[in-house]
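Numbering (the numbering used here), first residue to last: 7 to 385.
In this text, a Cβ means the ideal position worked out from N, Cα and C, and glycines have one as well.
On a predicted model such as this, the values are computed, not experimentally measured, just so you know.
All remarks here apply to the structure that follows.
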Ligand code: SF4
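Listed below in structure tokens is the structure:
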């Protein structure tokens with residue numbers, strides 16, 4: 007991440023269509039779904055804010071912010087649920103929650119070293135909607151839709167399509183034929199933007215594959231839309247034949263409010279293990295105080311901090327970068343303040359490597375160990 011940043015030019019991104027799918031007739035095919043009144047979370051999702059002018063108005067922000075936001079949103083639109091907006095500070099353009107979702111003019115500047123697919127995920131694609139990056143684990147990209155559009159997203163330009171029909175059949179066939187795949191990760195986009203009945207049909211298929219022994223979900227939806235954790239979802243999770251791991255995604259202590267803590271209580275009652283992965287983001291959580299508060303907030307909600315990722319250099323995100331030396335300093339300070347189980351692993355994904363590259367691997371490291379870690383190679 008030491009590439010020069012001097013030359014910049016305007017990015018012209020093609021518009022993405024990543025809208026949550028509207029409810030379908032067969033979404034209520036299971037008794038549990040039929041018993042749930044017309045999913046309130048789907049109505050919340052449909053009413054998410056997509057117009058920067060409305061967001062600025064609600065937050066009492068200078069209307070001038072809406073113009074660059076509108077331009078930057080043309081490639082990757084604004085989307086943020088109203089309940090998440092309610093957690094933001096009024097009149098503060100630097101609010102760390104707002105910063106995660108408000109498109110900014112800086113996204114339009116191309117920077118050397120930033121590109122559409124820095125992790126070269128295209129090379130790991132075994133079928134549309136199926137990525138096989140690491141031994142024993144495969145990712146199903148269940149949908150391109152998310153409940154929120156995070157401006158730093160590493161898949162903001164991923165060529166999504168709906169995982170159904172022949173795409174789904176091909177992905178399942180490959181998993182069935184490859185006995186090395188013991189864990190399936192439902193990812194996206196965000197799998198929890200799909201109706202529970204859709205997810206249940208998918209897991210019914212996976213349950214027929216004997217060598218699949220673990221199920222993981224990567225989701226940010228319960229953080230920004232805790233209403234998603236309804237009775238139907240919990241019944242489905244509790245009924246699955248595998249130990250389930252939910253990897254959530256909160257970046258700031260104020261991401262975790264009372265609604266989220268309630269949702270986490272319901273999720274824990276299903277027997278799921280709750281972990282968090284965050285991204286280290288300039289202006290959001292790049293201080294030891296912010297990281298400490300995040301870990302404490304996660305703990306209170308019953309979630310263990312798992313990974314703290316360095317930013318993936320996706321174009322349009324350079325203004326979020328925190329340098330690796332600064333990240334290591336922060337981790338050393340954090341490790342000196344918190345018990346080891348509250349210190350996430352600082353990691354970077356690198357294209358073509360067999361695992362994430364751990365940068366601050368041992369929470370019990372002394373500051374000197376962390377700063378001189380043999381894993382701390384510069385990119
Ligand atoms: S929820 Fe995850 S996949 Fe969706 S925009 Fe945010 S970071 Fe990207």
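{"Query": "Check: residue 89 C-beta below 7 Å from any heavy atom of the ligand SF4", "Result": "no"}
{"Query": "Pairwise C-alpha distance: residue 149 and residue 240", "Result": "20 Å"}
{"Query": "Own chain residues within Cβ distance below 7 Å of residue 299, not counting five before or after", "Result": "259"}
{"Query": "At least three beta-carbon pairs within less than 8 Å, the segment 137-154 to the segment 220-233", "Result": "yes"}
{"Query": "Closer than 7 Å: residue 235 CB and nearest the ligand SF4 heavy atom", "Result": "no"}
{"Query": "Check: residue 222 C-beta below 7 Å from any heavy atom of the ligand SF4", "Result": "no"}
{"Query": "Where residue 25 falls: helix, strand or coil (DSSP)", "Result": "coil"}
{"Query": "Proximity below 8 Å, CB of residue 59 to CB of residue 52", "Result": "no"}
{"Query": "Test item: CB-CB of residue 294 and residue 234 under 8 Å", "Result": "no"}
{"Query": "Euclidean distance between Cα positions of residue 4 and residue 326", "Result": "Limits of the chain in this structure are 7 at one end and 385 at the other, which puts residue 4 out of reach."}
{"Query": "Rounded C-alpha distance that separates residue 108 from residue 191", "Result": "29 Å"}
{"Query": "Residue 144 - partner residues in DSSP beta bridges", "Result": "190"}
{"Query": "Cβ-Cβ distance between residue 111 and residue 79 below 8 Å", "Result": "no"}
{"Query": "The segment 189-204 touching the segment 133-149, judged by at least three CB pairs closer than 8 Å", "Result": "yes"}
{"Query": "Cβ pair residue 231, residue 134 closer than 8 Å", "Result": "no"}
{"Query": "Buried versus exposed call for residue 210 [16 or more other C-beta atoms within 10 Å across all chains shown]", "Result": "exposed"}
{"Query": "Span separating the alpha-carbon of residue 254 from that of residue 73", "Result": "32 Å"}
{"Query": "Close-in-space but distant-in-sequence residues of the same chain around residue 290 (CB under 7 Å, 5 per side omitted)", "Result": "102, 105, 106, 257 and 258"}
{"Query": "Residue 255 Cβ short of 7 Å to the ligand SF4 heavy atom set", "Result": "yes"}
{"Query": "Rounded Cβ spacing between residue 338 and residue 352 (contact assumed at less than 8 Å)", "Result": "Not confirmed; about 10 Å, so no contact."}
{"Query": "Where residue 240 falls: helix, strand or coil (DSSP)", "Result": "helix"}
{"Query": "Whether residue 185 touches residue 217 by CB criterion (8 Å)", "Result": "yes"}
{"Query": "Other residues of its chain near residue 25: CB distance less than 8 Å, five sequence neighbours each side excluded", "Result": "151"}
{"Query": "Selected residue, minimal CA-CA separation from residue 305, among 316, 274, 324 and 333", "Result": "274"}
{"Query": "Any non-hydrogen atom of the ligand SF4 closer than 7 Å to residue 171 Cβ", "Result": "no"}
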